[in-house]
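One structure is given below, encoded as structure tokens.
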Amino acid sequence: MDCLHCSAPLKGRRSKKFCDDNCRSAWHYRQKSNDSTLVSQVNEQLLQNRRILSRLMACNQNMLVANKAILLDRGFHFQFHTESHIDDRGLTFHFCYEFGYAALDKDHIQLIRLPAAAENKNRTGMPTRSTAQKRTADFYENAILRGLTKIR
Ligand SMILES: [Zn+2]
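Heads up: the sequence shown begins at 1444 in the working numbering, then just goes up one per residue.
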């Protein structure tokens, strides 16, 4: 077996993983900084997603149908989100903080914003069922959305 840090062949105990304490601490340091790089990259992408959604929606707007291409052009990454919900129809919404998005078809994304006012939240900070139901009810009153749902 070779040293995990410098790849030098190891002598002695078979369970040995490093030449010495210097290699051991250098390796752990590198692992830790790789972890924090990943964490900050994910955080950065979540914040970027949130920024993109908030710029697309006017400040008084709670829902909008956007083109998927526009989101992608602006650097949105669909795989980064903070929580997910399925509405009564089985449509999956992913959220980046207070903004949610769901694919209506291959080109159209429904965007929603949770009300800023304090909502009923459970321990995990996720909107409770009643919040989700209320949001769903609001949602279907939107004529644009009703038009689009027929496509599905
Ligand atoms: Zn070494």
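Ideal Cβ placement from N, Cα and C applies to all residues, glycine included.
**Message:** Given this structure, state the Cα-to-Cα distance separating Phe1542 from Asp1531, to the nearest angstrom.
**Reply:** Their Cα atoms are separated by approximately 19 angstroms.
**Neighbourhood of Gly1455 by C-beta distance below 8 angstroms, restricted to the same chain and skipping five residues each side** = Short of 8 angstroms from the beta carbon of Gly1455, and not among the five residues preceding or following it, lies no beta carbon of its own chain.
**Asked** Taking 7 angstroms as the cut-off, is the CB of Asn1448 close to at least one heavy atom of ligand 1?
**Response** Here residue 1448 is His; the residue named in the question, Asn, does not match the sequence. Indeed, a heavy atom of ligand 1 lies less than 7 angstroms from the Cβ.
**Message:** If contacts are defined as beta-carbon pairs under 8 angstroms, then Ala1545 and Leu1534 qualify, I think. What distance do you get, rounded to the angstrom?
**Reply:** Between Ala1545 and Leu1534 a beta carbon distance of about 5 angstroms is seen, short of the 8 angstroms cut, so the two are scored as contacting.
**Message:** Within the continuous beta strand (DSSP E) that includes Ala1596, where are the two ends?
**Reply:** An answer regarding residue 1596 cannot be provided, because it is not within the stretch 1444 to 1595 covered by the chain.
**Prompt:** Is any heavy atom of ligand 1 found at a distance shorter than 7 angstroms from the C-beta of Phe1617?
**Reply:** Here the chain comprises residues numbered 1444 to 1595, so residue 1617 is not present and cannot be evaluated.
**Message:** Contact defined as beta carbons within less than 8 angstroms: I believe His1528 pairs with Phe1536. What is the distance between those atoms, to the nearest angstrom?
**Reply:** At roughly 5 angstroms, the Cβ-Cβ gap stays under 8 angstroms, so His1528 and Phe1536 are in contact.
**Asked** Who are Arg1556's beta bridge partners in DSSP?
**Response** Phe1542.
**Strand pairing of Ser1527, partner residues [DSSP]** = Ser1527 pairs with His1537.
**His1448 - DSSP class collapsed to helix/strand/coil** = His1448: coil per DSSP, three-state reduction.
**Message:** For ligand 2, is there any heavy atom lying closer than 7 angstroms to the beta carbon of Ala1451?
**Reply:** Within the structure as shown, ligand 2 is missing, the only ligands being ligand 1.
**Asked** Is the stretch 1507–1518 touching the stretch 1463–1475, taking contact as three or more C-beta pairs under 8 angstroms?
**Response** Contact between the stretch 1507–1518 and the stretch 1463–1475 is absent, with fewer than three C-beta pairs closer than 8 angstroms.
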